[in-house]
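**Q** Counting from 0, one number per residue, gives the positions in the sequence shown under numbering that gives the first Met the number 0.
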Amino acid sequence: MPRLFVAIEIEDNSTLSRIIGVRDRISGLGVDLKPVEDENIHLTLRFLGDVEDSLVPSIYRAVDELSSFGSFVMRVRGLGAFPNTKNPRVVWVGVADGSEILRSMRSALDRGLRGLRVHEDEHAFHPHITIARVRGRSNLDILSRYIEENIDLEFGLSPVTKVVLKKSTLTPRGPIYSDLRVVALSSPR
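The structure is reproduced here in structure tokens:
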């Protein structure tokens, strides 16, 4: 059973470089973190979990439906944490402009997946790019302060021209992602 998710990649290299730079800075704050590897940085539109092989064609069809959305530019802005900055477990970079389109895409994808046995997300969709997961509890005050000081940090603009269905293979060294299907978005309207 493959472990799948639908992703938006950071297509602008300078925006991606800024994200990596901030990830590297928080990694040097003395907090026990598991940073996301450079090649794994993305925005998860929908986590599907471990799915039966027989469902993959239906998942392809649901992802293909997203091609009707026009390509757009998202503004990557702000640093934050789940569940909150005082008790960070996941450190993320936010999306300003483009978040409503991403929410519409997520809703369309959810409709396309309805009735399939895939992971159900109990949280409301909040477009974000995970950059690190917090493992330990020491020096969290330093991390919290850094996040709060950079809550409005600008990372740049990144075009969104495609949606990618990815397979995640879990290994002791971390996940390895591979593209199963790349769906181009239509030209901007």
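Glycine included, C-beta positions come from ideal geometry on N, C-alpha and C.
1) Run through DSSP, which three-state label would A107 get?
2) Quickly, what does DSSP pair P34 with across the bridge? List them, please.
3) If you measure between the beta carbons of S98 and S185, is that distance less than 8 Å?
4) Please classify L169: does DSSP put it in a helix, a strand, or coil?
5) For the segment 170 to 178 and the segment 34 to 49, state whether three or more C-beta atom pairs, one from each stretch, are separated by less than 8 Å.
6) For I25 versus Y145, is the C-beta distance shorter than 8 Å?
7) Please specify which runs of the beta strand (DSSP E), each continuous and at least 3 residues long, are wholly inside the segment 8 to 54, giving them in chain order.
8) Beta-carbon separation of V89 and T14 under 8 Å?
9) Just how far apart, CA to CA, sit L108 and E10?
10) Are there three or more Cβ pairs, one per stretch, closer than 8 Å when the segment 53 to 69 is compared with the segment 109 to 121?
11) Going by DSSP in three states, S57 sits in which element: helix, strand or coil?
12) Looking only at DSSP bridge pairs, what is P158 linked to?
13) Tell me the rounded alpha-carbon separation between K161 and A6.
14) Check the C-beta distance from L78 over to V133 and give it rounded, since I have them as a contact under 8 Å.
15) Measure the Cβ-Cβ separation of V94 and H127 and say whether it is below 8 Å.
16) Check whether the Cβ atoms of V30 and L139 sit closer than 8 Å, and answer yes or no.
17) For R102, collect the residues of the same chain with a Cβ closer than 8 Å to its Cβ; drop the 5 residues on either side in sequence, then sort them by chain order.
18) Figure out for me which residue from V72, A80, S66 has the closest Cα to the Cα of E148.
19) Quick check on this structure: which residue in S57, V163, E8 has the alpha carbon closest to the alpha carbon of M73?
**A** This is what the structure holds:
1) helix
2) A131
3) no
4) strand
5) yes
6) yes
7) 32 to 34, 41 to 49
8) no
9) 21 Å
10) yes
11) helix
12) V72
13) 9 Å
14) Not a contact, Cβ separation roughly 14 Å.
15) yes
16) yes
17) F124, P126
18) A80
19) E8
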